[in-house]
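When you read off a place in the sequence shown, starting at 1, and then add 194, the result is the number in my numbering. Glycine is no exception: its CB is placed at the ideal position from the N, C-alpha and C atoms.
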Amino acid sequence: MLQSQIIGNEFYQSLGKLFYAIACADKSVHVKELDKLKSFIRKYWLDVDEMVDEYGEDAAFQIETVFDWLMEYEKDAKSSFEDFSEFYHVHEEKFNPYIKVLILDTANAIANSAYGKNKAELIALANLQMLLQ
C-alpha cells in the first residue's frame, strides 16, 4: 500500500474518531446520530476523493468502521477528539477549506439529529470550530 493511501485511510479513520467524539460528547450515542453520520458519508464523503482501502472499498467508509468500533468498545469522547486533533496538527495540509466546512456540517448534523444540541455537544462543536480555524 502506498504511503498516500495509508495517510488517506488514517484521514478517514481520524474523522471516525472525531464524529464519534461529537456524538458521544453527552456520554451516549443515539441511533439517530449514527443514521445521520451514515447518510452524510453516502451523500457527501464518498465524493471527496477516489481513495480506496486495502479491500478496494471507498476509504470514506473507514469513518463508519471506526465510529462503530469506538461505540462497540465504549471509548470516551475526549480521547477520540484528542486523537483527531493530533492527526489534524500533523496533517493539516489534508484539510482544505471545503473539507473543513464538510467536517463542521457533518458534526453539526450529528449533534442536531437527536433532540437538538445539548450543552456537551455545543462545547464539543465549539472546540472543533476553534481547532479548524
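Between the CA atoms of A305 and I297 - distance to the nearest angstrom: 12 Å
beta-carbon K237 near the ligand NAP non-hydrogen atom, thresh 8 Å: Absent from the structure shown: the ligand NAP. Ligands present: none.
Cβ-Cβ separation, Y214 to S274 (assumed contact under 8 Å), whole Å: 5 Å
Under 9 Å between C-beta atoms of M265 and A253: no
For V246: DSSP bridge partner residues: D252
Run of the alpha helix (DSSP H) containing Y309, from where it starts to where it stops: Neither: Y309 is in no alpha helix (DSSP H) and is coded neither H nor E.
Where the alpha helix (DSSP H) through D277 begins and ends: A271 to V284
Beta-carbon proximity list for G202, same chain, < 6 Å, skipping 5 on both sides: M245 and A253
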